[in-house]
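Counted the way the numbering used here counts, the sequence shown spans residues -1 to 578.
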Amino acid sequence: MQRKQTLKWPISDVATDLTIEVGASSYALHKFPLVSWSGRIRKLLLEAKDSKPTRVNLEGMPGGSEAFELAAKFCYGAHVELDLSNVAMLHCAAHYLEMTEEFSDKNLVLRTEVFLKESVGPSIANSITVLRHCEKLLPAAEEVDLIDRIIAKIVNNACKEQVAAGLLDLEQSSALDPTNWWGKALAALSSDLFQRVIKAMKAKGLRKETITRILMNYAQSSVQGGLSSEEQTLANQKIVVETVAGLLPTQRRKCDAPIAFLSGLLKTATMVSASAICRASLERRIGLRLDRAILADILIPANCRHKGAHSIYDTDSALRIFSIFLNSNDEEEEEEHRSREDIDGGYYEQSSLLKVSNLLDSYLAEIALDSNSTPAKFIALAELLPDHARAANDGLYRAIDIFLKVHPNLKDSERYRLCKSVNCQRLSQEACSHAAQNERLPVQMAVQVLYFEQIRLRNAIDGGHHDRFFFVSQRSGSGAGSAAVSPRDCYASVRRENRELKLEVARMRMRLTDLEKDHVSMKKELVRANPTNKLMRSLAKKLSKMSAFFRMRELKPFGAKRAAASDARLLFQRRSHSIS
């Protein structure tokens, strides 16, 4: 290998007697100043086979030719200025050349030790800068214990700063100049060194909020530049996401990272195909705090790098997240739920369940718009929550109706299974009116809606005095807090509306009669094809029961005691309006 002569500063007029080879560079120097300061060069000359060796090869010199030039200048008495960019390199080079006090006073090892102690150690930012330069000096920096020493200094100073701030969040103590916060400098470290620093901070007891803030800054600096970034590959982003997910503090609601940040990590983890352990950890953290999430937090995009048709969103991940929320039984969380009451006076746990049910219905409405979403996954999500989790089923019905619109070619069995998850007794008046006229619904649900709507009407007509008074007051007021209207005040209006109510009942009967005719015709055709069709026989049986129900006694005009009729009329006045 051809070596280049490298010497950019005058040494002496005396002829050189020793050539030092460092990598591809060679240096014509003098033995005396080198052996006076370097124990390694002295030993190499003494151990040489030649009686008068003239060439020495410094293989494995930390810092290469750059470090040797500075060390050689030091040996010749030239001024070598130590700074944050070269102190780690010179410290490792000095140890390699054995430039210790054994061979000369105030040697290079001592000089670098003093600089590290006085100029690097007291400052967290300076320590991080030097630690970053150590990455190019491995394994020499490990062998001289430089990395562990610097990490210990960083952690100790961070803990001291925390104590000095009165055990407050370091973010508050750095609020005057957040751009110079030392935590941001950690983002420049390699994944390995960053992990070692964070683990040391955890072991030392640094506040979890501070560690979380460091991790958030590290992830945002390293990952959220976008998957199309030319500077970072998908492999590097995968390492960063898995590193951050593995270093997040203990999974507790009050100490965990913001859910929007966790969602961003999970989305990136999905796109870069991070490990299953990484994704499961993030899903669990989101699931435990799902009551604080918004729709955007759980819309996890599917990995678009997979070939073939695929859904827009990763519904499997969403299913696991909602399941984690439902199945979380941590004792600390349970006690926290029981000790906190929401503004309505109910338990915090029930309030959280209602929030999550609304979130799930919104999520179902969003994925229903995806033509590639499968009925099986949609049904699994729709049936996930217990019936008591929803105050009303309007949101679920709306999502199912959207799904039926976007997927018009579903099998009848799939349509039935979809609509089976809707509790028709928990539909609002508007939803019932829409469902009764919705041709996309299977026959079974349409009949069920009509049945429960008639039961609701009968209960409204035959209800007690207290219920009638409540319905009228609700209808007359502008909200839940409106003043009640007495039976005497609404007596006249009830009598006027009686006739209109009878007309509505008549229209309802006509609607049901038409439906019965269609069903009888359909039954005959299906029975011819399959006489053993149990489903249609069951449907016909139900329809016959409903027909008997409508052959009840004729409605009579109501007096003041029939005040509930005015509210029952509302059940039919809105039938022509759609909620979709």
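Ideal Cβ positions, reconstructed from N, Cα and C, are used throughout, including at glycine.
Item: A26 versus T14 - alpha carbon distance; Value: 6 angstroms
Item: Burial state of M508, where buried means 16 or more other Cβ atoms lie within 10 Å; Value: exposed
Item: C-alpha distance - Q160 paired with K182, whole-angstrom precision; Value: 16 angstroms
Item: Identity of the residue in N215, K104, I39 and I319 nearest E57 by Cα; Value: I39
Item: 7 angstroms Cβ cutoff met for E381 and S350; Value: no
Item: Coil, strand or helix - D565 by DSSP; Value: Low per-residue confidence applies at D565: pLDDT is 41, beneath 50, and the placement is therefore not dependable, though the value from the model is reported in the following sentence. Three-state DSSP puts D565 in a helix.
Item: Separation of V239 from C90, as counted between CA atoms; Value: 32 angstroms
Item: Buried versus exposed, by CB contacts within 10 Å (16 or more), N84; Value: buried
Item: Exposed unless 16 or more other CB atoms sit within 10 angstroms - verdict on L367; Value: exposed
Item: Neighbourhood of N391 by C-beta distance below 7 angstroms, restricted to the same chain and skipping five residues each side; Value: V420, N421, R424 and L425
Item: CB-CB length for T268 against N234, believed under 8 angstroms; Value: The pair is not a contact, with the Cβ atoms about 17 angstroms apart (cut-off 8 angstroms).
Item: Check whether K197 and P247 have beta carbons under 7 angstroms apart; Value: no
Item: Secondary structure, alpha helix (DSSP H): runs of 4+ residues fully inside the segment 248 to 308; Value: 257 to 269, 274 to 286 and 293 to 296
Item: Span of the beta strand (DSSP E), counted from its first residue to its last, around S24; Value: S23 to L27
Item: Exposure of E100, with buried meaning 16 or more beta-carbon neighbours within 10 Å; Value: exposed
Item: Short Cβ contact (7 angstroms threshold) for P440 with E412; Value: no
Item: Cβ distance (whole Å) where T241 is taken to contact S189 below 8 angstroms; Value: 5 angstroms
Item: Helix, strand or coil at I18 [DSSP, three-state]; Value: strand
Item: Three-state secondary structure (DSSP) of R311; Value: It is worth fixing the name first, because residue 311 is Tyr in this sequence and not Arg. The answer is strand: DSSP assigns Y311 an E or B state.
Item: Residues near S545 by beta carbon distance below 7 angstroms, same chain, minus five either side; Value: Annotation note: pLDDT 47 at S545 (below 50); position unreliable, coordinate value reported separately. Excluding positions up to five away in sequence, the list reads E514.
Item: I257 vs A291 beta-carbon contact at 7 angstroms; Value: yes
Item: Rounded straight-line distance, which links the Cα of Q193 to that of V404; Value: 47 angstroms
Item: Pair within 7 angstroms by beta-carbon distance, Y94 and P137; Value: no
Item: Pairwise C-alpha distance: H77 and A201; Value: 42 angstroms
Item: For R415, the first and last residue of its enclosing alpha helix (DSSP H); Value: D410 to K418
Item: Under 7 angstroms between C-beta atoms of L297 and L280; Value: no
Item: Three-state class that DSSP yields for V78 in the structure shown; Value: coil
Item: Extent of the continuous alpha helix (DSSP H) to which V161 belongs; Value: L144 to A162
Item: Where N55 sits in the DSSP three-state scheme; Value: strand
Item: Expected contact under 8 angstroms - CB spacing of V112 and A92 to nearest Å; Value: No, V112 and A92 are not in contact; Cβ-Cβ is about 12 angstroms, not under 8 angstroms.
Item: Own chain residues within Cβ distance below 7 angstroms of D146, not counting five before or after; Value: none
Item: C-beta atoms of V270 and L232 nearer than 7 angstroms; Value: yes
Item: Buried versus exposed, by CB contacts within 10 Å (16 or more), F30; Value: exposed
Item: Rounded C-alpha distance that separates R338 from L184; Value: The predicted model places R338 with a pLDDT of 49, which falls under 50 and marks its position as unreliable; any figure quoted below should be read in that light. The straight-line gap from Cα to Cα measures roughly 38 angstroms.
Item: Alpha carbon of E451 to alpha carbon of R388, nearest angstrom; Value: 20 angstroms
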